[in-house]
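Heads up: the protein sequence lines correspond to chains D and U, in order. The first sequence begins at 0 in numbering that gives the first Met the number 0 and counts up one residue at a time. The second sequence begins at 0 in numbering that gives the first Met the number 0 and counts up one residue at a time. All C-beta atoms in this analysis are idealised placements derived from N, C-alpha and C, irrespective of residue type, glycine included. One structure is given here, and the rest of the page talks about it.
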Amino acid sequence: MSQHIKDDFSIVIAGQAGQGIQSVSHILTHVLKLEGYHVFATKEYMSRVRGGMNSTTIRVSSKKRDAYQSKVDLFVPLDPNAYEHSKKRFTDETMFLGFKKEDFCSDCIMEVDFINIAQAIGNRVFANAVAAGAILGLMGVAIEQPKEYLRQFFVKKGEDIIKKNQEALEKGHKMGEHFAFSHDVTCSFETDEDVKDDLFISGIDAVGFGALAGGVDFCSSYPMSPSTGLLTFLAQHGRECGVVVEQATDEIGAINMTLGASYAGARGIVTTAGGGFALMCEALSLSAMTETPITIHIAQRPGPATGLPTKTAQEDLDLVLHAGHGEFMRAIYAPGTPVEAYEITAHALDTADKYQIPTFVLIDQYFVDALYTIDKEEFKILPHKKHIVESDREYKRYALTDDGLSPRSVPGYGEGLVCVDSDEHDEYGRITEDVDGFRMQMMEKRLFKRKELLEKDALDPEIVGKKSANTLVVCWGSNRNVVDEAVENIDDKEVSVVHFVQVFPMNKKTKKMIKDTKKVVVVENNATGQFANLLQKECDRKIDKRILKWNGELYSVEELTEKIKDVL
Amino acid sequence: MVTASQQKEDFNVPPEVDNQWCPGCGNFPILQTLKKSLQDLDLRSQEITLVSGIGQAAKLPQYLKTNYFNGLHGRALPVATGIKAANPEQTVIVTSGDGDVYGEGGNHLIHTIRRNPNITVIVHDNMIYGLTKGQAAPTTQEGMVTPTQPEGVIDEPINPVALAISLDAPFVARANAGDPKETQEILKEAINHSGFSLVDIFQPCVVFNKVNTYQWFKEHTYYIGDEYDYDVSNRAEAFAKAVEEDKFPLGVIYAHDRRKTFEDAIGMYAVDKRPLYKREMNCSVRSALLASQK
Ligand SMILES: Cc1ncc(C[n+]2csc(CCOP(=O)(O)OP(=O)(O)O)c2C)c(N)n1
Ligand code: SF4
Ligand SMILES: [Mg+2]
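Listed below in structure tokens is the structure:
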């Protein structure tokens with residue numbers, strides 16, 4: 000039987016936590032990228048450190064394809080039980096590499112006992128290199144560059160470890176090559192020289208670089224999956240980049256500390272998930288009342304309560320829209336690609352500062368963990384403007400102005416005093432119960448004038464296809480790429496994609512576009528259609544169709560293509 | 000000629016500011032004492048940030064001419080930590096109530112002492128919730144009858160001094176609002192001491208606490224003074240002193256300089272002393288980090 004490795008090839012590595020999926024995927028993705036392939040990887044895992052059943056999907060293609068495909072072209076089980084776990088994703092053409100399992104086409108199984116080979120070399124940990132080598136051999140990737148990569152990867156571990164890993168890689172590679180030869184497996188896809196110099200980063204690191212680009216210099220947060228990656232990223236790079244990073248002892252402390260720093264002139268971000276944000280709600284309201292800027296990064300996971308800690312969801316939009324007692328403005332962003340995450344995080348930090356409000360960056364577990372190749376040129380770090388002024392003796396923190404923005408100073412910067420209050424206050428910041436005067440003026444400033452400014456400044460959604468199409472397929476956040484690809488598959492000029500990078504507030508033009516479209520379909524990862532509901536309200540129209548998924552898993556391209564077709 | 004910056008601040012707010020405390024309240028002497036301490040320390044208004052939560056005590060910043068952040072009930076300490084970490088040049092002082100700091104904010108108290116920012120925390124300990132009209136506070140004595148504890152308080156009161164010493168706070172003192180002179184000296188020492196300083200001040204609430212009055216505090220306290228050889232930096236000795244409860248010891252109960260402050264520990268000010276707001280964003284370092292990624 001002959002097999003062909005076509006362009007757009009999906010490799011799935013599955014096994015128990017702790018069996019080495021991460022290492023195999025790491026070696027493989029990095030080597031393939033260095034070979035000039037576009038690589039996209041997404042992992043699916045359980046909330047445990049050992050055992051369970053996890054998998055990583057690596058999509059290899061000659062052009063950029065950053066969405067999750069369900070089909071498996073090459074399945075690599077690191078555990079005999081992995082077959083059962085991934086079975087629904089197999090096709091007639093799936094190849095298997097690893098443990099033999101009789102129920103699956105024995106002809107297309109390349110039986111390699113990774114562990115036995117590794118043990119012969121000295122330790123079962125080398126099984127990862129055997130597996131990576133076998134995959135690369137099968138794909139016809141020459142051995143030299145992967146060997147060199149392993150040298151760099153293990154450089155700190157010493158010559159012996161490097162050599163043994165290289166030996167394991169070579170053993171696997173030979174078997175892969177041999178299998179390809181004996182089973183007439185051919186491989187044909189083109190590589191792209193430019194990819195070699197690309198960044199290969201996760202969604203969460205794109206947020207991290209965006210925060211650095213946005214001039215962040217303070218972050219206090221409390222660990223919670225799937226949001227912790229940003230705290231880790233900033234902690235790793237904080238000292239060199241001039242960012243104060245502190246792990247708080249709860250989310251309430253985290254946000255209050257960051258607000259204190261922001262009041263004193265820092266640019267602050269907190270990172271959390273839905274449950275942690277629930278604890279921050281009172282302080283969100285404090286940010287609004289005191290007009291102290293803050294950016295809140297939320298990586299969503301399914302709830303209620305502890306929910307599914309390592310799965311994905313878009314369930315917290317309603318919470319974020321309505322969180323905090325009292326009435327005030329906020330801006331909510333939902334990037335869907337690493338480039339967007341980078342630009343939007345920087346933008347959210349700047350918007351918070353410029354308008355003295357809380358801003359949100361909403362992502363999700365899927366996006367946090369996905370790995371992308373990105374052209375470095377897309378990421379630029381430019382100086383940002385500090386939106387603070389020197390105060391004079393007469394300074395009033397909440398001075399009433401025409402546009403509703405009071406120039407913001409910080410303690411010690413000038414001759415004035417900076418007084419902020421969580422009680423309703425006068426221009427100076429002192430408590431007042433002047434219900435007809437200051438209460439009304441401050442509400443006007445915080446709510447109505449701010450709304451006007453924020454709506455005017457709201458980002459346009461990204462549109463793929465023509466704006467005037469009969470049907471708009473709307474998405475927000477991490478569904479962007481999968482919706483793009485599904486609509487591309489459908490290939491209908493009257494179906495376009497509208498991706499909201501900013502979900503709230505919206506500008507007039509956007510509202511009008513949605514209102515004037517014949518048919519609007521909204522795709523999201525929750526049970527109630529939270530964004531669809533928001534669109535209905537903001538754009539004053541009924542949303543025709545909702546495509547919803549809330550089991551904790553992401554959409555695959557195949558699945559979404561069918562679901563969109565069904566509602567057209 | 001005396002220039003503006005050499006003149007001593009009076010820290011007075013304009014007369015039209017309406018003070019919301021009841022006549023005779025123990026908060027007045029605390030306010031006056033704090034003012035005098037700040038004058039003695041030659042501080043300028045611009046150099047000080049007061050931070051408070053919510054409650055009667057927490058209104059103090061309204062009545063003192065400095066910067067202030069009057070935040071949420073219980074949350075003054077993380078705010079103060081953030082301010083100090085972003086700008087170590089500011090003298091950061093928390094003035095709040097016993098309910099605020101020991102009740103709603105109890106968790107922050109524990110962890111702020113562990114973190115050890117160089118801030119001073121003044122707790123107006125009236126053994127009651129004043130603003131919400133007389134419910135028990137964490138420091139309310141067992142047996143006191145209140146609107147929400149009609150059978151009398153059943154919970155053991157917290158001993159904030161012992162708690163702070165158990166966490167090795169660098170400076171722990173107890174004062175009595177009825178003794179302004181002594182309190183002023185304690186406050187000055189607390190503000191000058193490097194690291195986290197706690198000053199628990201007994202403060203009569205003349206409206207909702209009819210038990211713990213000026214007179215009661217006089218009778219149930221004594222000053223450690225110099226009468227015997229008390230080693231203020233000895234933690235075990237200080238702890239033993241702290242748990243005396245038939246008569247509460249007053250004065251500096253524990254003080255040492257064995258701990259690094261949070262601002263020093265974060266390493267952000269070792270070379271560059273400027274507060275964060277004065278710094279330009281270091282684009283080159285951030286760009287280099289990005290460029291080094293593969
Ligand atoms: C989250 C929250 N819960 C409850 C309150 C109501 N509240 C305001 S002050 C206070 C207690 C104040 O007691 P204390 O800190 O001892 O201050 P005092 O008035 O005695 O000076 C309470 C319960 C609030 N403002 N916020
Ligand atoms: S209620 Fe008590 S603590 Fe509050 S101002 Fe009146 S006397 Fe003072
Ligand atoms: Mg009280």
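Going by DSSP, D352 of chain D is part of the alpha helix (DSSP H) stretching over 337 to 354. For Y101 of chain U, the closest Cβ of chain D is not nearer than 8 Å. Residue contact check for L258 of chain D against chain U: a CB pair falls below 8 Å. The beta strand (DSSP E) runs of length 3 or more contained entirely in the stretch 242 to 282 of chain U are, from start to end of the chain, 247 to 254.
For S22 of chain D, the closest C-alpha among the options D:G35, D:S54, D:Q2 is that of D:S54. Judged by DSSP secondary structure, H236 of chain D falls within the alpha helix (DSSP H) whose first and last residues are 227 to 240. Membership of D91 of chain D in the beta strand (DSSP E) is indicated by the continuous run 89 to 97.
For D124 of chain U, the enclosing beta strand (DSSP E) begins and ends at 119 to 124.
By the neighbour-count criterion, in which 16 or more other beta carbons inside 10 Å mark a residue as buried, G266 of chain U falls on the exposed side. Contacts with chain D at 8 Å (Cβ-Cβ) include I82 of chain U. In this structure, DSSP gives P308 of chain D a state outside helix and strand, which the three-state scheme calls coil.
When C-alpha distances from G306 of chain D are compared across D:Q364, D:Y354, D:G464, D:G264, the shortest belongs to D:Q364.
Taking 7 Å as the cut-off, the C-beta of N26 of chain U counts as close to a heavy atom of ligand 2. Within chain D, the residues whose beta carbon sits less than 8 Å from that of P274 of chain U are A263, G264, G411, listed in sequence order. Where F195 of chain U is concerned, there is no enclosing alpha helix (DSSP H), because DSSP gives it neither an H nor an E. Set against 7 Å, the gap from the CB of Q55 of chain U to the closest heavy atom of ligand 2 is smaller.
Among the residues of chain D, none has a CB under 9 Å from the CB of N208 of chain U; the nearest is roughly 24 Å distant.
Secondary structure at L547 of chain D: strand, using DSSP grouped into helix, strand and coil.
Proximity of the beta carbon of G129 of chain U to ligand 3 is indicated: a heavy atom of the ligand is located closer than 7 Å. Residue-level contact by beta carbon fails for A347 of chain D and chain U, as no gap is shorter than 8 Å. With contact defined as three or more Cβ pairs closer than 8 Å, the stretch 33 to 40 of chain D and the stretch 184 to 197 of chain D are in contact. S390 of chain D has D:G413 as its beta-bridge partners, per DSSP. Its Cα nearest to that of V120 of chain U, the residue U:V78 stands out among U:V144, U:D178, U:V78. Apart from sequence neighbours up to five positions away, the residues of its chain that approach Y554 of chain D with a beta-carbon distance below 7 Å are N478, V481, K548, ordered along the chain. Counting other Cβ atoms within 10 Å of its Cβ, D199 of chain U reaches 16 or more and is therefore classed as buried. Listed in chain order, the non-local C-beta contacts of S421 of chain D below 7 Å within the same chain comprise L285, M288, T289, local neighbours out to five positions each way being set aside.
Under the 8 Å criterion on CB atoms, F201 of chain U is classed as non-interfacial with respect to chain D. Minimum Cα-Cα distance from L198 of chain D among the listed residues U:D41, U:A85, U:S291 corresponds to U:S291. In the three-state DSSP reduction, E245 of chain D falls in the strand class (E or B). Beta-bridge analysis with DSSP links V140 of chain D to no other residue. Close CB contacts of I380 of chain D within its chain, under the 6 Å cut and outside five residues either way in sequence, are with A212 (chain order). In the DSSP assignment, E15 of chain U falls outside any beta strand (DSSP E) and carries neither an H nor an E. In this structure, the CA atom of F327 of chain D is about 12 Å from the CA atom of P504 of chain D. For P337 of chain D, no chain U residue has a Cβ inside 9 Å of its Cβ, as the nearest lies near 12 Å away. Short of 6 Å from the beta carbon of F366 of chain D, and not among the five residues preceding or following it, lie these beta carbons of its own chain, in chain order: G202, S477.
Exclusion of the five residues before and after D39 of chain U leaves Q183, K187 as the residues of its chain whose Cβ lies within less than 8 Å of its Cβ.
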